[in-house]
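Visitor:
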Amino acid sequence: MKARVIHWSIYMFRRMNAPYVIEIEPEVRLWLMNLPYNEFLVVEHVAELLREHPTTLGEPYSRHLGDGVRELRFSLGRQGLATRIPYWLAPDRRIVLLTVFRKTRQRETAEVARAKRAKVLCETEHRPAHDVYTRTADEEKKEKR
Numbered sequence: 011m012k013a014r015v016i017h018w019s020i021y022m023f024r025r026m027n028a029p030y031v032i033e034i035e036p037e038v039r040l041w042l043m044n045l046p047y048n049e050f051l052v053v054e055h056v057a058e059l060l061r062e063h064p065t066t067l068g069e070p071y072s073r074h075l076g077d078g079v080r081e082l083r084f085s086l087g088r089q090g091l092a093t094r095i096p097y098w099l100a101p102d103r104r105i106v107l108l109t110v111f112r113k114t115r116q117r118e119t120a121e122v123a124r125a126k127r128a129k130v131l132c133e134t135e136h137r138p139a140h141d142v143y144t145r146t147a148d149e150e151k152k153e154k155r
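Every position in the sequence shown, counted from 1, becomes a number in the working numbering once 10 is added.
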C-alpha cells in the first residue's frame, strides 16, 4: 500500500499546484498533531473542500461569523462532536485557520470573539508561512507499534 503523505506545515497546509494555501496558527497545529489519524483525515477532507472553494463554500461546511471571519464546520469521533475551526481569507490567496473549538451551545460567543481577536493579531503581526510539517499514514503505524 502506497504511503499517503499529508502536508500540514507548522503554519501551513499545502497541496502542489493549489490556487490557495491553507496556513494554520500554532493552536490549530498543536490540535492537529494530537488528533487520532482517522479524525485528522476528516479534517484534511474538509480543509481540502475549503481550499478548492474558498470563496463559495457554504453550509453545512462553512458559515460566516462576521468581521471577515468564517468557520469550518464538521463532526469528529464516534459521538459526532461538532467541531469548528474559524478562518479568514488573507491576502495573496491564503486561508488562515485561526483557532479550534468544540461546539457546545447554540452560539459560541466567546469563541467567536477569540477567533476575531486572533484574526486581528494575524493581520498585524504575522507574515505568510513557509515551514512544512508532514504527517503520513506510515508514521501513524510506527507510533502504534
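Yeah, the Cβ is synthetic: ideal placement off N, Cα and C, and Gly gets one too.
Remember, it's a predicted structure, so these values are computed and weren't measured experimentally.
Which first and last residues belong to the beta strand (DSSP E) in which P96 is found?
Guide: Indexing the sequence shown from 1 puts residue 96 at position 86. Start and end: 91-100.
Visitor: Ordered along the chain, which non-local residues of its own chain (more than five positions away) have a Cβ less than 8 Å from that of T109?
Guide: Position 99 of the sequence shown, counting from 1, holds the residue named residue 109. E35, E37, V38, I95, P96, E121, R124, A125, A128, listed in sequence order.
Visitor: With distances taken from CA atoms, which of Q89, L91, S72 is nearest R83?
Guide: Residue numbering aside, residue 83 sits at position 73 when the sequence shown is read from its first letter. With distances taken between Cα atoms, R83 lies closest to S72.
Visitor: Could you tell me the alpha carbon to alpha carbon distance between T114 and T134, rounded to whole angstroms?
Guide: Here residue 114 corresponds to residue number 104 of the sequence shown, with the count starting at 1. Here residue 134 corresponds to residue number 124 of the sequence shown, with the count starting at 1. One C-alpha to the other measures close to 30 Å.
Visitor: For the alpha helix (DSSP H) containing H55, list its first residue and its last residue.
Guide: In the sequence shown, counting from the first residue as 1, residue 55 sits at position 45. Note, H55: alpha helix (DSSP H), 47-62.
Visitor: Would you mind working out which of G76, H136, R80, E62 sits nearest E69, comparing C-alpha positions?
Guide: Residue numbering aside, residue 69 sits at position 59 when the sequence shown is read from its first letter. Residue R80 is the option with its Cα nearest to E69.
Visitor: Using the three-state DSSP reduction, which class does E35 fall into: helix, strand or coil?
Guide: By one-based count along the sequence shown, residue 35 stands at place 25. Coil at E35, not helix or strand.
Visitor: Which one or two residues does DSSP pair with G76 in a beta bridge?
Guide: Taking the first residue of the sequence shown as 1, we reach residue 76 at position 66. V79, per the DSSP bridge assignment.
Visitor: To which residues does DSSP link R112 through a beta bridge?
Guide: For this step, residue 112 is matched to residue 102 along the sequence shown. R112 is bridged to T93.
Visitor: Beta strand (DSSP E) containing L107: first to last residue?
Guide: In the sequence shown, the residue the question calls residue 107 occupies position 97. Start and end: 104-107.
Visitor: For E62, is the classification buried or exposed, using 16 other Cβ atoms within 10 angstroms of its Cβ as the cut-off for buried?
Guide: Counted from its first residue, the sequence shown places residue 62 at position 52. Counting Cβ neighbours within 10 Å, E62 comes out exposed, since fewer than 16 surround it.
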